[in-house]
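Note that the UniProt record's numbering gives residue 333 to position 271 of the sequence shown, counting from 1, and the numbers run on in steps of one. Take a look at the structure set out below.
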Amino acid sequence: SAAEKGGYDYFMLKEIAEQPKAVADTLLGRIGTDGRLTLDELRIPDQVLREVDKVVVVACGTAFHAGMIAKYAIEHWTRIPCEVEVASEFRYRDPIMDDRTLVIAISQSGETMDTLMALRHAREQGAKVLAICNTNGSTIPRESDAVLYTHAGPEVAVASTKAFLTQLVACYLVALYLGQVRGTKWGDEISSVIRELGDAPRQVEQVLGTMEPVRALARSLADAPAVLFLGRHVGHPVALEGALKLKELAYMHAEGFAAGELKHGPIALIEEGLPVVVVVPSPRGRSILHDKIVSNIQEIRARGARTIVIAEEGDEAVVPYADHLIRIPATPTLLQPLVSTVPLQVFACELATAKGHEVDQPRNLAKSVTVE
Ligand code: AGP
């Protein structure tokens, strides 16, 4: 009913709008007054976490994209090797694990069969399993050694939005906490990122307040035959997520690429007028990545692409090559997906609506996939 949708036309719109609160609720009580993380709920003793020598993330769909971002965060802040794999592939290749492996299973519903079977396989091999889950008491957390709940509240729309942002928060918390208990050389950076995480709800709110031009752009692209998405570093999974949202909701051909892969094939797809969304890393931080992606934008634009550029405020280098510029607030490099994903959700939702699709219940999809 309209009341359940809180005055919005679709659950998806309501859930996109709820993201600042979802992020804030997922952080709540987990950052101590001393600026250190307290994740007592993890129930895996710090001693065990100190001995972990490999992390494996398993998840499906959007949760898998959160897992890809987790890998960057975990390897950077903890120096523990981390693999990430779609859950449906994991157990069939005889993966290598033992009691020093930490498996992280990410699932909004907690009922995804592929993810459940992957975690069962991991536990049989002696690995410790930590679930990141949005549904209290669901099967995946019940069968895991520990759980870190995301507090997005119920997500009704089939396309995951607020759950994804909270999965990112949970992944950052786990990565930072592992870094904190293990004491890496990134101690100062970890403390400052923990502080900046506290600012994420306000930044997401800020992005949501600037989405009108993104909606107008989406409506103008309703007849586009395809949309490509490019990103690098943590922007790569964001590009994949932007493409997945468009496939699910608008039933359009949409593909995400690592921008550096363009020249190895996908650049052949570029033709006059093709919309290409580019997620640009911060020019602060690793500026080499920024400069390389600016070259990519130039290259595709020279070949006729219509460039839709998502870039940090104050990044002037992209301005000459952006047909459409979407600004996001400056964040630490690894946290950028918390803000860069939001315009892509709005874009897909609006484009699907313009095409007349039912955004809450896309064809052929179920909210929770309980078959393998
Ligand atoms: C996201 O928009 C999708 N509907 C889908 O990819 C989903 O993220 C995936 O099926 C995993 O679901 P889960 O998080 O409930 O395990």
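For each residue, glycine too, the CB sits at the ideal point set by N, CA and C. Please read these numbers as outputs of a predicted model, since none were measured by experiment.
From residue i to residue j, what does the alpha carbon distance come to, in whole angstroms?
{"i": "tyrosine 383", "j": "threonine 228", "result": "33 Å"}
{"i": "cysteine 122", "j": "glutamate 173", "result": "11 Å"}
{"i": "glutamine 81", "j": "serine 169", "result": "17 Å"}
{"i": "leucine 396", "j": "lysine 133", "result": "10 Å"}
{"i": "glycine 347", "j": "valine 118", "result": "27 Å"}
{"i": "isoleucine 388", "j": "proline 405", "result": "8 Å"}
{"i": "glutamate 251", "j": "leucine 111", "result": "20 Å"}
{"i": "serine 430", "j": "alanine 367", "result": "36 Å"}
{"i": "asparagine 198", "j": "proline 157", "result": "29 Å"}
{"i": "glycine 297", "j": "valine 401", "result": "11 Å"}
{"i": "isoleucine 350", "j": "isoleucine 166", "result": "31 Å"}
{"i": "glycine 69", "j": "proline 424", "result": "21 Å"}
{"i": "alanine 301", "j": "alanine 321", "result": "10 Å"}
{"i": "lysine 354", "j": "alanine 280", "result": "27 Å"}
{"i": "glutamate 334", "j": "alanine 364", "result": "9 Å"}
{"i": "leucine 164", "j": "glycine 249", "result": "22 Å"}
{"i": "valine 114", "j": "valine 148", "result": "21 Å"}
{"i": "aspartate 261", "j": "alanine 392", "result": "11 Å"}
{"i": "leucine 324", "j": "glutamine 398", "result": "22 Å"}
{"i": "glutamate 274", "j": "leucine 181", "result": "42 Å"}
{"i": "threonine 403", "j": "leucine 283", "result": "19 Å"}
{"i": "alanine 278", "j": "lysine 417", "result": "13 Å"}
{"i": "alanine 312", "j": "histidine 386", "result": "20 Å"}
{"i": "leucine 101", "j": "phenylalanine 152", "result": "28 Å"}
{"i": "alanine 135", "j": "serine 253", "result": "14 Å"}
{"i": "histidine 326", "j": "leucine 270", "result": "35 Å"}
{"i": "leucine 331", "j": "methionine 179", "result": "37 Å"}
{"i": "histidine 138", "j": "leucine 230", "result": "15 Å"}
{"i": "arginine 185", "j": "glutamine 109", "result": "19 Å"}
{"i": "glutamate 66", "j": "threonine 272", "result": "25 Å"}
What residues in its chain sit with their C-beta under 8 Å from that of residue i, if we drop five residues either side in the sequence?
{"i": "aspartate 161", "result": "Gly188, Ala189 and Lys190"}
{"i": "valine 356", "result": "Val342, Ala379, Val380 and Tyr383"}
{"i": "leucine 192", "result": "Leu104, Ile106, Leu164, Val165, Ile166, Ala167, Ser206, Asp207, Ala208, Val209, Leu210 and Val236"}
{"i": "histidine 352", "result": "Val342, Pro343, Ser344, Pro345, Asp377 and Ala379"}
Is residue i buried or exposed, if buried means 16 or more other CB atoms sit within 10 Å of its CB?
{"i": "isoleucine 372", "result": "buried"}
{"i": "aspartate 207", "result": "buried"}
{"i": "threonine 95", "result": "exposed"}
{"i": "arginine 92", "result": "buried"}
{"i": "alanine 428", "result": "exposed"}
{"i": "aspartate 176", "result": "buried"}
{"i": "leucine 90", "result": "exposed"}
{"i": "alanine 64", "result": "exposed"}
{"i": "glycine 293", "result": "buried"}
{"i": "tyrosine 234", "result": "buried"}
{"i": "asparagine 358", "result": "buried"}
{"i": "glutamate 310", "result": "buried"}
Looking at residue i and the ligand FMN, is the gap between the Cβ and the nearest heavy atom below 7 Å?
{"i": "valine 218", "result": "Among the ligands in the structure shown, the ligand FMN does not appear; only the ligand AGP can be found there."}
Within a Cβ cutoff of 6 Å, which residues of the same chain sit near residue i, ignoring the five residues on either side of it in sequence?
{"i": "alanine 286", "result": "Pro337"}
{"i": "valine 255", "result": "Pro394"}
{"i": "asparagine 196", "result": "Gln170, Thr212, Ala214 and Ala225"}
{"i": "glycine 129", "result": "Val119, Ala121, Val146 and Ile168"}
{"i": "arginine 105", "result": "Ala208"}
{"i": "histidine 419", "result": "none"}
{"i": "tyrosine 72", "result": "Val421 and Asp422"}
{"i": "leucine 210", "result": "Ile194 and Ala232"}
{"i": "proline 143", "result": "Lys116"}
{"i": "histidine 127", "result": "Pro299, Leu302 and Glu303"}
{"i": "threonine 432", "result": "Glu173 and Met175"}
Just to confirm my understanding: we take residue i, look at its own chain, exclude 5 residues before and 5 after, and list those with CB closer than 7 Å. What are they?
{"i": "methionine 74", "result": "Ala219, Ala221, Thr223, Cys411, Val421 and Asp422"}
{"i": "arginine 98", "result": "Gln242"}
{"i": "threonine 140", "result": "Ala237, Leu240, Gly241, Arg244 and Thr246"}
{"i": "threonine 124", "result": "Ser222, Phe226, Glu303 and Leu306"}
{"i": "glutamine 360", "result": "Tyr383"}
{"i": "glutamate 217", "result": "Glu77, Gln170, Asn196, Lys224 and Ala225"}
{"i": "proline 203", "result": "Gly172, Ala193, Cys195 and Val209"}
{"i": "serine 200", "result": "Ser171, Gly172 and Glu173"}
Legend entry - Complete runs of the alpha helix (DSSP H) confined to the region 80-118 [at least 4 residues]: 81-89 and 108-113
Legend entry - At least 3 beta-carbon pairs within less than 8 Å: the region 406-423 vs the region 298-311: yes
Inset, instruction - Taking 8 Å as the threshold, find out whether the region 329-346 comes into contact with the region 375-390 through three or more Cβ pairs. - result: yes
Legend entry - beta strand (DSSP E) runs wholly inside the region 292-332, at least 3 long, in chain order: 315-320
Legend entry - At least three beta-carbon pairs within less than 8 Å, the region 82-96 to the region 265-278: yes
Inset, instruction - For the region 314-322 and the region 287-298, state whether three or more C-beta atom pairs, one from each stretch, are separated by less than 8 Å. - result: yes
Inset, instruction - Only counting runs of 3 or more residues, tell me where the beta strand (DSSP E) segments fall wholly within the region 212-286, in order along the chain. - result: none
Legend entry - Minimum length 3: unbroken beta strand (DSSP E) runs contained in the region 180-211: 190-195 and 208-211
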